[in-house]
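Numbering follows our numbering, with no gaps: position 33 of the sequence shown is 40. Written out below as structure tokens is the structure these notes cover.
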Amino acid sequence: MTWTIVVGVKQVPDDDEIGIDPDTGRLDRASAPAVMNPPDRDALEAALSIADEVDARVVAMTMGPPMATPVLEEAVAMGCDDAVLITDRAFAGSDTWPTSLTLARAAEALDADVVVCGEETTDSSTGQVPPGIAAHNGWAQLTYVEELEPDPEGGRLIATRDVEGGHERVAAELPVVVAVAYGEFEARPAGLHRKIYAENDFEPAQLTAEELGIADEVGLAVSPTAVGGMETVEPVERRGEVVDDVDGLVEPIRGVET
Ligand SMILES: Cc1cc2nc3c(=O)[nH]c(=O)nc-3n(C[C@H](O)[C@H](O)[C@H](O)COP(=O)(O)OP(=O)(O)OC[C@H]3O[C@@H](n4cnc5c(N)ncnc54)[C@H](O)[C@@H]3O)c2cc1C
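Pasting the structure below:
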């Protein structure tokens with residue numbers, strides 16, 4: 008059996024360059040170039056490394072506007088066989104609930120056996136999307152994954168997970184959603200020929216809300232998150248002091264006002 012591995016990749020503003028709008032205190036997304044969410048490189052590497060071991064097809068998916076296409080091209084340059092842009096004006100204002108639903112329906116439509124995601128994004132950072140995909144589809148989930156070992160005979164994926172105080176080795180039956188721990192899968196470089204192909208000849212397939220049968224279940228109106236307010240917090244001034252020994256440390260700690 009050929010496994011279909013679908014990788015979620017998201018375009019985010021480059022957080023090295025993003026500024027804050029001084030009037031609103033909100034992120035000024037237009038001030039920064041758009042890049043692939045860095046943890047999604049780990050997700051791509053994890054997916055491609057499974058495909059190195061089993062007969063598999065790797066497909067990248069992104070939910071976003073057409074301007075997100077470059078992240079799909081990057082995924083194809085890294086080695087993905089195909090990529091899908093899930094795009095529709097109906098998605099505007101979607102929070103993590105409809106985003107997860109959309110990606111879950113797309114994973115189903117693509118006949119995914121494994122969905123691989125990053126740990127979280129650098130612009131919203133909820134980490135809710137991978138478990139959301141699993142919940143919407145009733146699939147198994149493996150989070151904080153550090154290592155993956157496919158078991159094609161058993162139809163399972165075995166993972167080593169980073170858990171508080173140690174590591175856990177756990178097997179999940181397919182289909183399964185994986186969120187990989189950031190920094191655990193160093194992304195392979197894109198080859199020159201793949202880069203040229205991805206940038207010049209590759210066109211991603213497209214899926215709309217209508218095609219996924221969820222036109223009434225996405226967008227701002229059905230998003231349960233409400234932003235109650237925003238405030239800018241001034242950085243706390245930290246006191247620095249060099250002490251000679253442990254006794255010298257105790258007094259300054261006692262003296263700290265809480
Ligand atoms: C009320 C509200 C309105 C919003 N409106 C908008 C809006 O209009 N436009 C907008 O861009 N955002 C909007 N957002 C943010 C949007 O909800 C989140 O960006 C989105 O749900 C993903 O959540 P996250 O970034 O926390 O993902 P996480 O859960 O932190 O992501 C984990 C992993 O899931 C995968 N993943 C996440 N998102 C995607 C994606 N889109 N495609 C493919 N894979 C993905 C990636 O592998 C990623 O590493 C809104 C949020 C709220 C609360």
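We treat Cβ as the ideally placed atom computed from N, Cα and C, and that holds for glycine.
So the alpha helix (DSSP H) residue i belongs to, where does it begin and stop?
i: Arg261; result: 253-261
If you follow the beta strand (DSSP E) that residue i is part of, which residue opens it and which one closes it?
i: Thr167; result: 163-170
i: Gly226; result: First-last for Gly226: undefined, no H or E at that position.
i: Met43; result: 41-43
Apart from the five residues just before and just after residue i, which ones in its own chain have a Cβ nearer than 6 Å to its Cβ?
i: Val61; result: Trp10, Pro157, Pro159
Relative to the alpha-carbon of residue i, which residue among the options has its alpha-carbon at the smallest distance?
i: Glu24; options: Arg245, Ala186, Gln18, Asp35; result: Asp35
i: Gly26; options: Val16, Ser38, Met237; result: Ser38
i: Asn1; options: Ile140, Glu126, Gln135, Trp146; result: The chain is shown from 8 up to 265; residue 1 falls before or after that span and cannot be answered.
i: Ala119; options: Leu227, Glu80, Met8, Gly226; result: Met8
i: Asp47; options: Asp95, Pro72, Val78; result: Val78
i: Thr239; options: Pro29, Gly71, Val91, Pro20; result: Pro29
i: Glu154; options: Ala111, Ala99, Leu164; result: Leu164
So what does DSSP say about residue i, is it helix, strand or coil?
i: Glu268; result: Only positions 8 to 265 of the chain appear in the structure, and residue 268 is not among them; the question remains open.
i: Gly15; result: strand
i: Tyr151; result: strand
i: Gly5; result: Since the first residue shown for the chain is 8 and the last is 265, residue 5 is missing from the structure and cannot be characterised.
i: Met68; result: strand
i: Glu156; result: strand
i: Val78; result: helix
i: Ala216; result: coil
Under the rule that 16 or more other beta-carbon atoms within 10 Å means buried, what is residue i, buried or exposed?
i: Pro105; result: buried
i: Asp254; result: exposed
i: Ala212; result: exposed
For residue i, which residues in the same chain have their Cβ closer than 7 Å to its Cβ, ignoring the five residues on either side in sequence?
i: Asp224; result: According to the sequence displayed, residue 224 carries Glu and not Asp. Result list for Glu224: Pro105, Leu108, in chain order.
i: Ala82; result: Val14, Val16, Leu51, Ala67, Ala90
Below 8 Å CB to CB, which residues in the same chain sit around residue i once its five sequence neighbours on both sides are set aside?
i: Gly195; result: Residue identity check: residue 195 is Arg in the sequence provided, not Gly. The residues are Glu52, Leu55, Met85, Gly86.
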